[in-house]
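Participant: Numbering (mature numbering (1 follows the signal peptide of the UniProt record, and there is no 0)), first residue to last: -35 to -1, 1 to 209.
Let me give you the structure first, and then I'll get to my questions.
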């Protein structure tokens, strides 16, 4: 759950008829895959599925490769650099799917109002952070090559996450603030947790704790509201399990 703006370092989707459970598209390219002509061996056997539909969010298809890429980027942003290369289990993908649905729905709503654009400098700053976590430019390019995407695709993921965070923050940040009276009440009700005096350090720590808790509750409510009227069709088996 997102933390208040001052502490956040990284972040946290109308099916138009029935869609097939798998699409024959090349990873990351969005174009139909074709086998290479001889004499080189075909890179993809004819008829082989190289990507799968995971979900359809307000008419937009989310594929397995896109979800895995977004999951890896989110994990890398949180310091789990090993996610750049290791396989992702279904539990991780289910969590990433929920994040992807939330982000896409928020951004789609903002797009209709042409609101909350992601500034190029902000996206570049997030790209720099990912590059640094991976170990530099060579490691970043190796990551992109390994997963069959280009820098534009990575920047699109980073921009969407940035916009989603800002949209959510605009809805809940002010409501999450607490009064001095609330801070004092919490201190008096939990003296066993705060053995020291009710000084500035104690007030600051309690205020941050209360704001984080309230922010989390309000963020959950805001996301639930966004998803209440959204049309999301889960296709992949692991994605359907997430509704249980």
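Where a beta carbon is used, it is the ideal one built from N, C-alpha and C, also for glycine.
These figures come from a predicted structure and were not determined experimentally.
1) Hey, would you say residue 34 sits closer than 8 Å to residue 88, going by beta carbons?
2) For the alpha helix (DSSP H) holding residue 38, just list the boundary residues, first then last.
3) Note down, in chain order, each residue of its chain lying with its Cβ closer than 8 Å to the Cβ of residue 74, except the 5 sequence neighbours on either side.
4) Are three or more beta carbon pairs between the segment 145 to 156 and the segment 168 to 183 nearer than 8 Å?
5) Three-state secondary structure (DSSP) at residue 157?
6) State the Cα-Cα distance for the pair residue 56 and residue 36, rounded to the nearest angstrom.
7) Note down, in chain order, each residue of its chain lying with its Cβ closer than 7 Å to the Cβ of residue 76, except the 5 sequence neighbours on either side.
8) Give me the Cα-Cα distance between residue 198 and residue 68, rounded to the nearest whole angstrom.
9) Between 32, 23, 24, which has its C-alpha nearest residue 201's C-alpha?
10) Let me know the secondary structure DSSP gives residue 110 once reduced to three states.
11) Could you spell out where the alpha helix (DSSP H) holding residue 97 opens and where it closes?
12) Is residue 20 helix, strand or coil by DSSP?
13) Taking 7 Å as the cut-off, does the CB of residue 110 come closer than this to any heavy atom belonging to the ligand ADP?
14) Please identify the residue among 203, 44, 186, 180 whose C-alpha is closest to the C-alpha of residue 98.
15) Could you check where the beta strand (DSSP E) with residue 263 kicks off and where it finishes?
16) Expressed to the nearest angstrom, what Euclidean distance is found between the alpha-carbon atoms of residue 109 and residue 183?
17) So is residue 103 buried or exposed if we call it buried at 16+ other beta carbons inside 10 Å?
18) Select from 19, 187, 83, 25 the residue whose C-alpha is nearest the C-alpha of residue 137.
19) List in chain order: all unbroken alpha helix (DSSP H) runs of 4+ residues lying wholly within the segment 137 to 184.
20) Can you give me the C-alpha to C-alpha distance between residue 179 and residue 95, rounded to a whole angstrom?
21) According to DSSP, simplified to helix, strand and coil, what is residue 79?
Facilitator: The structure says:
1) Position 69 of the chain shown, counted from the first residue, corresponds to residue 34. Position 123 of the chain shown, counted from the first residue, corresponds to residue 88. No. Outside cutoff.
2) Residue mapping note: residue 38 aligns to position 73 of the chain shown, counting from 1. First-last of the alpha helix (DSSP H) with residue 38: 29 to 42.
3) What you label residue 74 is simply residue 109 of the chain shown in a count that begins at 1. Excluding positions up to five away in sequence, the list reads 132, 191.
4) yes
5) Here residue 157 corresponds to residue number 192 of the chain shown, with the count starting at 1. Correct three-state label for residue 157: coil.
6) The residue given as residue 56 occupies position 91 in the chain shown. The residue given as residue 36 occupies position 71 in the chain shown. One C-alpha to the other measures close to 11 Å.
7) Numbered from 1 along the chain shown, position 111 holds the residue referred to as residue 76. Excluding residues within five positions, none has a Cβ falling inside 7 Å.
8) By one-based count along the chain shown, residue 198 stands at place 233. By one-based count along the chain shown, residue 68 stands at place 103. Cα-Cα distance, rounded: 16 Å.
9) Locating residue 201 in the chain shown gives position 236, where the first residue counts as 1. Cα-wise, what sits closest to residue 201 is 32.
10) For the purposes of this step, residue 110 is identified with residue 145 of the chain shown, where counting begins at 1. Helix at residue 110.
11) As a working note, residue 97 is residue 132 in the chain shown. Start and end: 85 to 99.
12) Against the chain shown, residue 20 aligns to sequence position 55. Strand.
13) Looking at this structure, you won't find the ligand ADP or any other ligand, since it has none at all.
14) Counting from 1 along the chain shown, the entry for residue 98 is found at position 133. The candidate whose alpha carbon is nearest that of residue 98 is 44.
15) The requested residue 263 is not part of the displayed model; the chain covers only -35 to 209.
16) Residue numbering aside, residue 109 sits at position 144 when the chain shown is read from its first letter. Residue numbering aside, residue 183 sits at position 218 when the chain shown is read from its first letter. Rounded to the nearest angstrom, the two C-alpha atoms are 36 Å apart.
17) Start at 1 with the first residue of the chain shown, and residue 103 comes out as number 138. Under this definition residue 103 is an exposed residue.
18) Residue 137 sits at position 172 when you count from the first residue of the chain shown. The option with the nearest alpha carbon to residue 137 is 187.
19) 145 to 154
20) Locating residue 179 in the chain shown gives position 214, where the first residue counts as 1. Locating residue 95 in the chain shown gives position 130, where the first residue counts as 1. Straight-line Cα distance between these residues: approximately 29 Å.
21) For this step, residue 79 is matched to residue 114 along the chain shown. In the structure shown, residue 79 sits in coil (DSSP, three-state: anything other than H, G, I, E or B).
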